[in-house]
Amino acid sequence: MYRMSRREALVAAGAASLWLAGCSSAGAKKSGLNLSANKVGAMGSFGVGDQFKATKSLTFPILHLTNPGYPLKKDWLFWSELTKRTNVTLDTTEVPLSDYENKRSLLIGSGQAPLIIPKTYPGQEAPFVASGVALPVSDYIDLMPNFKDKVAKWNLGGDLDTLRQADGKFYLLPGLHQDVWTDYSLAVRTDVLTKMNLKVPTTWDEVRTLLQSLKSGGATSTYPFSDRWGVPTPGGNLLNIIGQAYGAPGGWGYANATWDTKAKKYVFTGAMDQFKQMLQFLHSLVADKLLDPESFTQSDDNAIQKFVSGKSLVISTNAQTVVNPYRTNLTTSIPGATVVKIPVPIGPMGAVKAGSRLENGVMVLKKARDSENFVAMMQFIDWLWYSDAGQVFSKWGVEGVTYTGSVEAGTLKLAPDVNWAGLNPSGTKLLNKDFGFFNGVFAYGGSTKLLNTQFPAEEQAFQKVMTGRKTLPVAPPYPFTADEREQATLWETPLKDYVTQNALKFILGQRDFGQWDAYVNELKGKNSGAYIDLVNKAQQRFAKTKG
Amino acid sequence: MRNARLWEPRPTRAYRAFKLVNAAVLIGIVILTVYPFVNIIARSFSSETFIQTGQVNLVPRGFNLTTYRIVISDPMFWTNYRNTVVYTTVATAISMVLTTCYAYVLSKKKLWGRSVLVWIAVFTLFFTGGLIPNYILVTSLGLVDTIWAIVLPNAISVFNLLVMKSFFENMPPELEEAAEVDGVDTYRILLRIVLPLSKAVIATMTLFYAVSFWNSWFTAFLYLDHADLFPVTMYLRNLIAGATGASAAGAASGDLTQAAANIQSVTIVLIVLPIVLVYPFIQRYFVSGVTLGSVKG
């Protein structure tokens with residue numbers, strides 16, 4: 001109670017003052033593109049592959065998310081090497097991971113925020129755009145050759161469009177991936193499969209058959225599949241990956257509007273036939289007692305307990321959780337147990353993968369535009385976050401000290417005394433904790449080759465299968481105007497809640513599929529139709545102005 | 001003993017039944033409240049596998065001290081722990097001085113403008129400047145990122161102030177009058193007569209303040225920008241939020257895997273320990289202090 005009210009107060013206060021700040025400053029300044037007064041410290045020519053080095057020593061203020069796994073240390077090699085290479089020192093405002101978003105709102109709202117704000121996820125910049133404190137970075141990407149190069153090379157224009165606001169500009173420099181990176185899938189107890197002579201499933205129908213065999217073969221006395229990641233989003237991962245296989249993502253991936261490629265317009269996700277089919281599939285698993293009905297709401301700890309004690313044999317996973325806690329605990333609690341992360345099962349959509357190639361990224365405050373070092377700052381951001389050299393530096397550190405070999409040749413290895421995520425178990429120092437590299441604030445995105453360097457052989461095999469799948473095109477953007485956004489926000493949350501609520505009822509059998517039409521009508525009563533009209537209107541308007 | 005018994009009314013059957021049920025219910029409540037705490041302690045000494053498989057209840061399983069060793073060897077934990085001790089001590093001292101003076105003044109009915117002073121305090125119970133204005137105020141005063149941002153705002157808790165005020169009001173005025181007749185001035189009356197007679201309420205208020213400063217993380221979250229200034233509650237909060245991130249941070253090898261599983265319980269035990277140790281000694285003042293302040297009024 002106590003914490004909620006504080007949080008709510010914080011958010012409300014933040015929003016209110018941002019709105020006020022927006023009112024007072026809107027139109028006061030014009031962001032012209034004449035940068036002659038802002039070039040102090042900048043390099044005269046800075047291109048792809050160039051090492052950025054400021055012509056004089058500079059300090060940039062930055063918001064730094066402090067991860068409890070590797071709390072910030074001032075003597076990290078990262079800081080000294082960064083200054084050596086770029087002549088730039090970063091002045092950090094440290095915010096614990098637990099409260100990063102709240103503190104960011106507070107600092108920006110009170111006008112005390114540092115100019116560079118990393119760790120901002122696509123969409124999170126929207127309130128700061130409305131209030132006019134975020135810099136329209138799209139106006140300045142000419143200062144960022146590496147960013148431009150990667151967008152062109154990897155054909156990311158469509159992805160970037162999803163960030164554009166109604167004015168056609170984007171206000172966030174996102175992390176860029178060469179390919180859609182799939183991490184979440186199912187973990188399966190392979191020792192039981194081998195014992196019972198069963199195969200690893202490749203499709204969702206095979207998953208069903210497998211669960212039936214496990215159940216009838218007596219491999220478990222309860223449910224063979226009991227899932228995690230149900231809190232706070234019920235069925236967060238499961239509804240997402242299975243929804244993608246059916247063409248209508250739920251869970252973490254749920255958005256009220258889904259692009260219908262055939263009709264060339266948006267439709268309401270929760271009312272789609274594909275969504276219904278997905279729910280019917282899951283309902284059949286629950287009805288046959290193959291899937292634990294608690295899967296959608298139990299705590300992660302409960303689900304993990306069931307899995308590592310052998311009560312369940314299938315559970316959601318990512319590259320990290322399959323190793324720890326699953327494997328490390330299984331090997332001690334059940335001798336001979338093995339577990340692998342299987343390639344994401346395929347559904348009616350075929351061998352495809354969907355998702356965004358954009359990661360969390362950097363927001364720059366508008367007042368940075370007035371700084372005499374503005375150009376140098378943009379060049380610095382471009383080098384550190386978007387150049388190949390900068391990405392290898394922030395991820396793996398210094399060649400000969402923390403790693404050897406090269407990314408391009410696929411020979412990159414950690415130095416003998418350095419460890420990261422168990423890649424080099426004999427290493428005594430940790431790459432992130434002791435050196436400050438592989439820090440989530442700076443290291444993300446990049447080429448598939450760079451991404452592969454961080455995986456053990458097992459995960460590389462998984463990635464190889466996933467890379468072979470076709471990537472679905474990105475849905476066209478539908479940026480709202482300020483008024484539309486206000487209206488849309490009023491409709492979005494109740495609709496989403498209602499869909500989630502009823503999806504669970506259908507899956508668990510509390511509501512019969514005979515009532516599907518009634519359910520769709522109830523959604524209409526909650527303005528699903530009006531919402532989709534609004535989305536389509538915005539999409540067409542954007543397509544017209546852009547086209 | 002025998003004689004005393006004679007005076008007691010003979011307990012009826014219903015009364016005995018009531019006592020039995022009463023005892024049972026109260027024991028049940030005690031178990032409910034103590035269980036989570038004992039469980040946390042048991043987990044802090046257990047090995048990872050037993051925790052993950054849900055086999056730890058009241059007794060540690062797979063006893064080990066690895067996580068204690070790791071947490072204790074983290075210099076940041078001790079830096080933050082020291083901060084908490086310093087903040088709590090300084091903040092409690094400041095709060096006690098300010099609250100006592102304010103409360104004593106307000107307890108004097110003859111004071112001119114007393115009701116205005118009362119209302120200034122009570123007003124803040126209903127209306128506050130709001131978060132961002134407060135933040136801007138503290139920033140403009142140059143307090144951000146210093147200990148003063150933690151100890152000065154919220155130095156006076158209006159609730160504590162009112163309890164203390166009514167305690168002072170209930171003190172027999174004759175005592176102070178007698179002192180006045182003997183020629184003692186106001187300050188010496190407060191220091192020599194009133195305060196020594198107010199040990200109960202002072203102990204209670206000190207405990208109230210100390211516990212709330214010890215547990216608080218919100219002001220630190222607002223006003224501190226560097227991890228070496230954070231109190232240990234921020235350390236714990238970040239740890240719990242990042243519990244899943246701990247594996248992401250590269251904790252795959254033996255010792256650190258163990259740490260990720262019960263690091264929260266170990267930290268909770270270490271943080272709660274001082275409060276748990278101090279509580280029993282102050283508790284007797286605690287009950288009398290609070291009731292003395294309120295009931296007689």
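For the protein sequence lines, the chains are A and B, in the order given.
Heads up: the first sequence begins at 1 in the numbering used here, then just goes up one per residue.
Heads up: the second sequence begins at 1 in the numbering used here, then just goes up one per residue.
Cβ coordinates follow ideal geometry from the N, Cα and C atoms, glycine included.
Looking at the backbone, the Cα of A/Leu-534 and that of A/Gly-390 are separated by about 42 Å. For A/Thr-321, the closest of A/Ala-219, A/Thr-233 and A/Val-188 by C-alpha to C-alpha distance is A/Val-188.
Judged by beta-carbon spacing, B/Gly-28 lies beyond the 9 Å limit of B/Thr-49, meaning their Cβ atoms are not closer than that value. Residues of the stretch 84 to 114 of chain B that bring their beta carbon within less than 7 Å of a beta carbon in chain A are absent altogether. Distance from the CA of A/Val-48 to the CA of A/Gln-539, rounded to the nearest whole angstrom, comes to 34 Å. Counted as a single uninterrupted DSSP element, the alpha helix (DSSP H) harbouring A/His-283 occupies residues 273 to 287. Taking CB atoms only, B/Asn-64 has no neighbour in chain A less than 9 Å away. Any Cβ of chain A closer than 9 Å to the Cβ of B/Tyr-35 would place that residue at the interface, and such an atom is absent. Between A/Arg-357 and A/Thr-471, the alpha-carbon positions lie close to 10 Å from each other. Between A/Asn-87 and A/Ala-54, the gap from beta carbon to beta carbon is short of 9 Å.
The Cβ atoms of A/Glu-94 and B/Asp-182 do not sit closer than 9 Å to each other. Counting only runs of 4+ residues, the alpha helix (DSSP H) found wholly inside the stretch 178 to 224 of chain A occupies 190 to 195 and 204 to 216, in chain order.
In its chain, beyond the 5 residues on either side, Ala-121, Val-122, Thr-124 and Leu-125 have a beta carbon closer than 7 Å to the beta carbon of B/Val-158.
Under the Cβ distance rule, A/Pro-232 does not count among the residues neighbouring chain B, no pair being separated by less than 9 Å.
For A/Asp-260, the three-state secondary structure derived from DSSP is strand. Cβ neighbours of A/Ser-185 within its own chain (closer than 7 Å, five residues either side excluded): Ile-241, Thr-317, Lys-341, Ile-342, Pro-343 and Val-344. Residue pairing by DSSP places B/Ala-200 in no beta bridge whatsoever.
A check of alpha carbon separations from B/Ile-282 across B/Pro-231, B/Ala-200 and B/Ser-212 identifies B/Ala-200 as the nearest. By the criterion of at least three beta-carbon pairs nearer than 8 Å, the stretch 432 to 447 of chain A is in contact with the stretch 59 to 79 of chain A.
Linking A/Ala-482 to A/Asp-167 through their CA atoms gives a straight-line distance of about 10 Å. Residues are counted here when their Cβ sits less than 8 Å from a Cβ of chain B; for the stretch 97 to 111 of chain A these are Leu-97, Ser-98, Asp-99, Asn-102, Lys-103, Leu-106, Gly-109, Ser-110 and Gly-111, given in chain order. For A/Ile-315, none of the residues of chain B pass the 9 Å Cβ criterion, the least Cβ distance being about 13 Å. DSSP, reduced to helix, strand and coil, places A/Asn-87 outside both helices and strands of the structure shown, so it counts as coil.
At a cut-off of 9 Å, the C-beta of A/Ile-304 has a neighbouring C-beta in chain B.
Pairing A/Glu-486 with A/Ser-528, the inter-Cα distance amounts to about 15 Å. Under the criterion of beta carbons closer than 8 Å, A/Tyr-223 and A/Asp-301 do not qualify as touching, at roughly 17 Å. For A/Asn-34, the secondary structure class from DSSP, reduced to helix, strand or coil, is coil. Between B/Leu-111 and B/Val-105, the C-beta spacing is below 9 Å.
For B/Ala-42, no chain A residue has a Cβ inside 9 Å of its Cβ, as the nearest lies near 15 Å away. Contact between A/Gly-247 and A/Gln-274 holds: their C-beta atoms lie close to 4 Å from each other, under 8 Å.
In chain B, no part has a C-beta under 7 Å from the C-beta of A/Asn-240; the shortest such distance is about 17 Å. B/Tyr-15 is bridged by DSSP to nothing; it lacks a bridge partner. If you look at A/Lys-153, you'll find it in the alpha helix (DSSP H) that goes 145 to 153.
With fewer than 16 other beta carbons inside 10 angstroms of its own, B/Arg-192 counts as exposed.
With fewer than three CB-CB distances shorter than 8 Å, the stretch 264 to 282 of chain A does not count as touching the stretch 381 to 397 of chain A.
The beta carbon of A/Leu-198 is closer than 7 Å to those of Leu-210 and Ser-213 in its chain, skipping five residues each way along the sequence.
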